[in-house]
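First the structure, in the form of structure tokens, and then the observations on it.
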Ligand code: C2E
Ligand code: CA
Ligand code: CA
Ligand code: CA
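Residue numbers (this note's numbering): 2 to 277.
As structure tokens, then:
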């Protein structure tokens, strides 16, 4: 039936297909899932290429559903972003990260924890005050927190985004642009904003060695970032040859299965002991 509507067929994102009602239904169970411990946070190391040590950890949410098993955040996050769900999920992730970071910093004093912040969450007028209150509640230093925003977040309401990012900067929180290169690169904002790093999307990293245009994109992103005084992070690094190439191109921080998959909170301490 959908073929006769004449709607263009999109070649991307097959998430919102016929199974969407089922996924939305799952989201109505979010409160219950949070209460009963179905959600958890895993942490993936961010490795400093110069020192070879763990400079940070990215917090990533997980949902183990009693009936449907493991649900991918790539599926439930976009749906949660259509409503209030994303605020509850982000609050859960931030509290988990804030309650652990000081302990981990006993091993790695400069360690930072990165959290993903969706547009709907960031652009809330009270977001900086909310974060300030959480920093106080958990006695966390803003320097230990990084927030990852996508390019699209900056474009929804650039004026407001700039204002809020400046407020976060005054709390000493660092802001990075996530999935860089996949959105509409608003290069002019990069200059205006107190951004600390660009995170090069996995799609460019995956084919770095085989696709000449990806190599150009990655190397010029790194050069541009450095000339703007920004660091670069490459995500999705799965093998040593890609790692070596990225290091030659001057990439500062590496994240990927080559080093480690995201790990449950109770494995982080041992990881840091071995990789500091
Ligand atoms: P992202 O922010 O781009 O996170 C990186 C994703 O790449 C993670 O997937 C991570 O597990 C995966 N990854 C890292 N290294 C490799 C690698 O070497 N190979 C491969 N194949 N994958 C790698 P994950 O955890 O499934 O999360 C997917 C997306 O869901 C995230 O992409 C982010 O957009 C969203 N997400 C996850 N947790 C949160 C959250 O707490 N809040 C928000 N707003 N979004 C989240
Ligand atoms: Ca991210
Ligand atoms: Ca990313
Ligand atoms: Ca990505």
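Yeah, the Cβ is synthetic: ideal placement off N, Cα and C, and Gly gets one too.
*What is the rounded straight-line gap between the Cα of residue 9 and the Cα of residue 113?*
Counting from one through the chain shown, the residue named residue 9 turns up at place 8. Counting from one through the chain shown, the residue named residue 113 turns up at place 112. Caution applies to residue 9, whose pLDDT of 41 falls short of 50 and renders its modelled position unreliable; the value that the coordinates give is listed next. The alpha-carbon atoms of residue 9 and residue 113 are separated by roughly 43 Å.
*Which residues does DSSP pair with residue 40 in a beta bridge?*
In the chain shown, residue 40 corresponds to position 39, counting from 1. The partner list for residue 40 (beta bridge, DSSP) reads 64.
_Quick check: what's the CA-CA separation for residue 196 versus residue 94?_
Numbered from 1 along the chain shown, position 195 holds the residue referred to as residue 196. Numbered from 1 along the chain shown, position 93 holds the residue referred to as residue 94. Roughly 22 Å between the two C-alpha positions.
*So, is residue 258 buried or exposed, given that buried needs 16 or more other C-beta atoms within 10 angstroms?*
Walking along the chain shown from the start, residue 258 turns up at place 257. Exposed, since its Cβ has fewer than 16 Cβ neighbours within 10 Å.
*Quiz: which residues have CB nearer than 7 Å to ligand 3 non-hydrogen atoms*: 149, 179, 180, 200, 202, 203, 236
_Does the distance between the C-beta of residue 276 and the nearest non-hydrogen atom of ligand 2 fall short of 7 Å?_
Residue mapping note: residue 276 aligns to position 275 of the chain shown, counting from 1. The answer is no for residue 276.
*Quick one: give me the first and last residue of the alpha helix (DSSP H) that residue 92 is part of.*
Translated into the one-based positions of the chain shown, residue 92 becomes position 91. Run containing residue 92: 86-106, per the alpha helix (DSSP H) assignment.
*Can residue 219 and residue 250 be called in contact, C-beta distance under 8 Å?*
Numbered from its first residue, the chain shown carries residue 219 at position 218. Numbered from its first residue, the chain shown carries residue 250 at position 249. In this structure, residue 250 lies closer than 8 Å to residue 219 by Cβ.
*asked:* Which residues does DSSP list as the beta-bridge partners of residue 235?
replied: As a first step, residue 235 must be located in the chain shown, where it is residue number 234. BP columns for residue 235 point to 201, 255.
*Identify the residues that DSSP records as bridge partners of residue 129: which are they?*
As a first step, residue 129 must be located in the chain shown, where it is residue number 128. According to DSSP, which records beta bridges pairwise, residue 129 is partnered with nothing at all.
_By alpha-carbon positions, which one of 181, 71, 115, 90 ends up nearest to residue 56?_
Here residue 56 corresponds to residue number 55 of the chain shown, with the count starting at 1. Out of 181, 71, 115, 90, 115 has the C-alpha closest to the C-alpha of residue 56.
*Skipping 5 residues on each side, what residues in its chain have a beta carbon closer than 8 Å to that of residue 226?*
By 1-based counting over the chain shown, the position of residue 226 is 225. Around residue 226: 198, 199, 232, 233.
*Through-space distance from residue 201 to residue 246, alpha-carbon basis*: Start at 1 with the first residue of the chain shown, and residue 246 comes out as number 245. Start at 1 with the first residue of the chain shown, and residue 201 comes out as number 200. Rounded to the nearest angstrom, the two C-alpha atoms are 14 Å apart.
*Can residue 267 be considered in contact with ligand 2, in the sense that its beta carbon sits closer than 7 Å to one or more heavy atoms?*
Residue mapping note: residue 267 aligns to position 266 of the chain shown, counting from 1. No.
_What would DSSP say about residue 53, mapped onto helix, strand or coil?_
For the purposes of this step, residue 53 is identified with residue 52 of the chain shown, where counting begins at 1. Coil.
_Helix, strand or coil at residue 248 [DSSP, three-state]_ = Here residue 248 is taken as the residue at index 247 of the chain shown, counted from 1. If DSSP states are grouped into helix, strand and coil, residue 248 belongs with the helices.
*Touch test, the region 80-92 against the region 136-150, Cβ-Cβ under 8 Å, three pairs minimum*: no
*Once you ignore the five residues that flank residue 89 on each side, which residues in its own chain have a CB closer than 7 Å to its CB?*
Here residue 89 refers to the residue found at position 88 of the chain shown. Here the set comprises 31, 35.
*Cutoff 6 Å; reference residue 47; Cβ partners in own chain excluding five residues on either side*: Sequence index remark: in the chain shown, residue 47 carries index 46 (1-based). 56, 57, 254, 256, listed in sequence order.
*Collapsed DSSP secondary structure at residue 312 in the structure displayed*: Lying outside 2 to 277, the shown extent of the chain, residue 312 is not represented and no answer is given.
*Where residue 169 sits in the DSSP three-state scheme*: The count along the chain shown starts at 1 and reaches residue 169 at position 168. If DSSP states are grouped into helix, strand and coil, residue 169 belongs with the helices.
*asked:* Taking a contact to mean a Cβ-Cβ separation below 8 Å, would you say residue 27 touches residue 61 in this structure?
replied: Stepping through the chain shown from its first residue, residue 27 is reached at position 26. Stepping through the chain shown from its first residue, residue 61 is reached at position 60. No, the Cβ-Cβ distance between residue 27 and residue 61 is not below 8 Å.
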